[in-house]
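Peer 1:
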Amino acid sequence: MSTFRDALAAADAPLVGLWNATGSAIAAEIMAGSGADLLLVDGEHGPISISEMLPILHAAAAYPVTTIVRVPWNDPVIIKQVLDLGAENVLVPMVSTAADAAAAVRAARYPGGDGEREGARGIGSALARSSRWGRIPGYVGAADDHVSVTVQIETADGVANAAEIAAVDGVDAVFVGPADLAGSMGLPGRPSEPAVVAAVDATIDAVRSAGTPVGVNTFAEADADRCIARGASFVFVAADVTLMARGSEAAVARLKRTRDETDAY
Numbered sequence: 001m002s003t004f005r006d007a008l009a010a011a012d013a014p015l016v017g018l019w020n021a022t023g024s025a026i027a028a029e030i031m032a033g034s035g036a037d038l039l040l041v042d043g044e045h046g047p048i049s050i051s052e053m054l055p056i057l058h059a060a061a062a063y064p065v066t067t068i069v070r071v072p073w074n075d076p077v078i079i080k081q082v083l084d085l086g087a088e089n090v091l092v093p094m095v096s097t098a099a100d101a102a103a104a105v106r107a108a109r110y111p112g113g114d115g116e117r118e119g120a121r122g123i124g125s126a127l128a129r130s131s132r133w134g135r136i137p138g139y140v141g142a143a144d145d146h147v148s149v150t151v152q153i154e155t156a157d158g159v160a161n162a163a164e165i166a167a168v169d170g171v172d173a174v175f176v177g178p179a180d181l182a183g184s185m186g187l188p189g190r191p192s193e194p195a196v197v198a199a200v201d202a203t204i205d206a207v208r209s210a211g212t213p214v215g216v217n218t219f220a221e222a223d224a225d226r227c228i229a230r231g232a233s234f235v236f237v238a239a240d241v242t243l244m245a246r247g248s249e250a251a252v253a254r255l256k257r258t259r260d261e262t263d264a265y
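Residue numbering for the sequence shown follows full-length UniProt numbering, starting at 1 and increasing by one per position.
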């Protein structure tokens, strides 16, 4: 098994990702087979429960894609459940401070021997898919090798603290969310505003200066090109729901437009 951290380290070009927001394992398999490097399973806004996540992980596992699960919140109980389910890579939203980032890392780690390090993840791997029910030798002691933590910056405070967040031990990557960032800056629904674009670019610079890989959600081609040129290590470029919505609209638009024009005469 390899993690998102491993995929980033091995990459010789920026990685390209797609979202699974429907909660559909069939949609996940279609997206995983597209040639994308990354598949993001959205447990924050998508209608995906813990039990519904397992078929998605099963479906994606047949393809050479790195699957990342975005949890609903920076909650150690949820992070534990997702990791025990067998997800190797978690994305934690709304991380605005170094303390937030440290809490996410702590939730993903087992306690160290003799209290030598903090860790809040409950040790139940022998009963869980994460260790393949005890079939991965020494899983608890080597769990960090099987888990990757990415944190999401999507507030103005997060932008201001980006370098400190990126420097937290155990943070493997930082993901920038322009939509919520725009809302945090008083510009909801306007992620293309120059001030938001400047904040995204400043975050890329700050995270890269800390030596941590950084990625951005970029559904517009121009945004993807700009962020890659600035040094982003990964970008997410589309979601199953948006592809279906825009694709279905385009599929009927021409003939409906022709029909409407004919009816007007």
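Backbone N, C-alpha and C define an ideal beta-carbon position, used for all residues, glycine too.
(1) Note down, in chain order, each residue of its chain lying with its Cβ closer than 8 Å to the Cβ of N74, except the 5 sequence neighbours on either side.
(2) Could you pull out every unbroken alpha helix (DSSP H) segment of at least 4 residues lying fully inside the stretch 22 to 103, listed in chain order?
(3) In angstroms, rounded to a whole number, what distance separates the CA positions of V216 and A224?
(4) Kindly indicate which three-state DSSP category F219 falls into: helix, strand or coil?
(5) What's the gap between the Cα of T150 and the Cα of V168?
(6) Could you pull the start and end residues of the alpha helix (DSSP H) that L127 belongs to?
(7) Would you call E29 buried or exposed, if buried means 16 or more other Cβ atoms sit within 10 Å of its Cβ?
(8) Check whether the Cβ atoms of L181 and V159 lie closer than 9 Å to each other.
(9) Use the C-beta contact count for K256: other C-beta atoms within 10 angstroms, 16 or more gives buried, fewer gives exposed.
(10) Please state whether DSSP places T155 in a helix, a strand or coil.
(11) For I78, which residues in the same chain have their Cβ closer than 7 Å to its Cβ, ignoring the five residues on either side in sequence?
(12) If we ignore side chains and look at the alpha-carbon of each, how far apart do A62 and A250 end up?
(13) Short check: CB of D144 to CB of R190, under 9 Å?
(14) Does the CB of R70 have a neighbour CB from chain D at under 9 Å?
(15) Who are the near neighbours of A10 in its chain, counting only those whose CB is closer than 6 Å to its CB and skipping five residues on each side?
Peer 2: Based on what the coordinates show:
(1) V92, P93, M94, V95, D100, A103, A104 and A107
(2) 25 to 32, 50 to 60 and 76 to 84
(3) 8 Å
(4) In the three-state scheme derived from DSSP, where H, G and I count as helix and E and B as strand, F219 is classed as coil.
(5) 11 Å
(6) Premise fails: L127 is in no alpha helix (DSSP H) and is neither H nor E.
(7) Classification for E29: buried.
(8) yes
(9) K256 is exposed by the Cβ-count criterion.
(10) coil
(11) If the five residues before and after I78 are omitted, its C-beta is found closer than 7 Å to the C-beta atoms of V71 and P72, all from its own chain and listed in chain order.
(12) 31 Å
(13) Their beta carbons are not under 9 Å apart, which means D144 does not touch R190 by this criterion.
(14) Looking at the structure shown, chain D is missing, and only one protein chain is on hand.
(15) none
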